[in-house]
Amino acid sequence: MKSTLELIHERPPKHTLPRELYLSEAAYRDDLAMIWHREWVFAGHTVEIPKPGSWFTFQLGDYPIVVVRGDKGEIRAFHNACRHRGSRICSEAKGRSPKLVCPYHKWTFGLDGDLIYAPSMQADFDKTDQGLHPVHIGIVDTLIYVCVADNPPDFTPFQRDLAEYLAPHQLENTKVAYESNIVEQGNWKLVFENNRECYHCEANHPELSLSFLDNPSVSGIAGAEDPALTAFWNSCEGAGVPSRFKVNATGSYRLLRTLLTDGAKSYTMDKQPAVGRRLDTTGLDDIGVLLYYHYPNTWNHFMGDHAITFRMLPMSPTETLVTTKWLVPKDAVEGKDYDLENLIKVWVATNDQDRRLVEETQRGVSSPAYVPGRYSDISEYGVNQFIDWYCDTMRQRLSN
Ligand code: FES
Ligand SMILES: [Fe+2]
């Protein structure tokens, strides 16, 4: 059997990956070790855990994690594994408790992770150094990232860039109006590949195509900048709203504000704002949509009235969890300031359409008859950029 590194070397430039990289257990283990267990991964929002003792959990590759707000409002992440015999401590997706109590034998940890109570242990048992193992945490505005590596990559350039672009959106004044969780029967790379192009939008996303504009310059193709987008950037940045295309040297994240279709203000069926309150403070009538992705697991849309965030987590070689959250101003009232059905309709439909596309692709690439296919230089520039990033990252790390 060929190694992941050999398979990556075999990939013809500008082509999809060899079959095994989408389905073998060995490639999946390499993806976890070289990417998921090393990179900063988007976890959730500070506004989801507003009070001391609020927490949420998730599974990052091999690691169960809990993110919790402490007594003074500080946010920490811990490995969600008891220091006694290893049970997960928090087994629900979210909750709130004054302490973290292991359900197995009631060892009790403070919100700072310290072990404070261990019933029936011998008198000479020392509770110090028995606290929950911390996980590195990075917060940008209200977005929580974690990294399970011993030495995480530098988070500050991304933190600085994203904070600047997010500032007008007042995310600290938001709440999650709706959350969806979908398990897609596809490899995580197929899920991100699908996200990095809109070549498929016209044929598959009738609802989204009403408002989302497939603009190749959004992918950053040199010379593809169009005058309408440049004029839009000039007007936004003239009003102090960062908008221009920004990508880091490795291409692992990208930010830009772009236009929606003519007359569209939001991702709704009538193209009008879904929420009768503003999320932003720009005073501009049209701020389009701020898009950002951060490899390996998130892409996001921030508009004038609401925002939608996406978190992807791998579950197996051929299963990926996609969590979508709709954020609205926290004082917006459902039924008065927004209609939930109207708010979520476009992306609930789009997510389901994307799920089907990913699952059909997984079925096809699993065939022994599959051979890597050629990307379009125009419409799949972004996909090729993602797969190049993946191959470069894996090649570098697997060679060391
Ligand atoms: S495993 Fe947690 S208290 Fe025993
Ligand atoms: Fe799509």
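Just so you know, we're using this note's numbering here: the sequence shown kicks off at -17 and counts up by one. For glycine and all other residues, C-beta sits at the position ideal for the given N, C-alpha and C. Note that the structure is predicted; figures quoted are calculated from it, not measured.
Heavy atom of ligand 1 within 7 Å of residue i beta-carbon
i	result
Ser79	no
Ser69	yes
Cys72	no
Tyr86	yes
His66	yes
Trp89	yes
Buried versus exposed call for residue i [16 or more other C-beta atoms within 10 Å across all chains shown]
i	result
Glu342	exposed
Ala351	exposed
Val315	exposed
Phe38	buried
Ile360	exposed
Pro85	exposed
Asn333	buried
Pro142	Contrary to the premise, residue 142 reads as Arg rather than Pro in this sequence. Exposed: under 16 other Cβ atoms inside 10 Å.
Asn62	buried
Gln335	buried
Gly168	buried
Tyr357	buried
Ser6	buried
Asn216	exposed
Lys307	buried
Gly245	exposed
Lys171	buried
Thr(-14)	buried
Lys247	buried
Tyr277	buried
Ala256	buried
Gln344	buried
Thr(-2)	buried
Beta carbon of residue i nearer than 8 Å to that of residue j
i	j	result
Lys157	Leu261	no
Tyr385	Phe137	In this structure the chain extends from -17 to 382, so residue 385 is not present and cannot be described.
Thr280	Met294	yes
Thr305	Glu161	yes
Thr90	Ile57	no
Ala159	Asp123	no
Arg178	Gly364	yes
Thr243	Val271	no
Tyr249	Phe284	no
Pro134	Pro354	no
Val328	Thr264	no
Phe377	Ile(-10)	Here the sequence assigns Arg to residue 377, which means Phe is not the residue at that position. Yes; because the gap between Cβ atoms is below 8 Å, this pair is in contact.
Glu219	Ile369	no
Val173	Val330	no
Arg51	Leu114	no
Gly35	Ser79	yes
Asn155	Pro32	no
Val347	Tyr4	yes
Pro46	Arg70	yes
Gly92	Phe60	no
His19	Ala131	yes
Near ligand 2: residue i beta-carbon under 7 Å from a heavy atom
i	result
Gln335	yes
Asn176	yes
His182	yes
Thr332	yes
His283	no
His187	yes
Continuous alpha helix (DSSP H) stretch holding residue i: start and end
i	result
Asn176	170 to 177
Arg260	No alpha helix (DSSP H) contains Arg260, which DSSP labels as neither H nor E.
Met376	363 to 381
Pro209	209 to 220
Phe140	138 to 148
Thr300	Per DSSP, Thr300 belongs to no alpha helix (DSSP H) and is neither H nor E.
His61	Here His61 belongs to no alpha helix (DSSP H); instead the beta strand (DSSP E) covers 57 to 61.
Leu(-13)	-14 to -8
Arg97	Checking the sequence, you will find Leu at residue 97 rather than Arg. That residue, Leu97, is in no alpha helix (DSSP H); its beta strand (DSSP E) goes 97 to 99.
Extent of the continuous beta strand (DSSP E) run through residue i
i	result
Thr280	280 to 284
Arg236	235 to 240
Glu166	156 to 166
Ala25	23 to 27
Leu273	271 to 276
Tyr249	Per DSSP, Tyr249 belongs to no beta strand (DSSP E) and is neither H nor E.
Tyr357	Looking at the DSSP string, Tyr357 is not in any beta strand (DSSP E), and its letter there is neither H nor E.
Leu42	36 to 42
Closer than 8 Å to chain B by CB, residue i
i	result
Leu309	Looking for chain B here will not work: only one protein chain is present.
If we require 4 or more residues per run, which alpha helix (DSSP H) segments fall completely within the stretch 308 to 348? Taken in chain order, the unbroken stretches of alpha helix (DSSP H) that lie wholly in the stretch 308 to 348 and span 4 residues or more are 322 to 347.
Go through the stretch 109 to 140 residue by residue and report every complete run of the beta strand (DSSP E) that reaches 3 residues or more, in order. Runs of the beta strand (DSSP E) inside the stretch 109 to 140: 116 to 122, 125 to 129.
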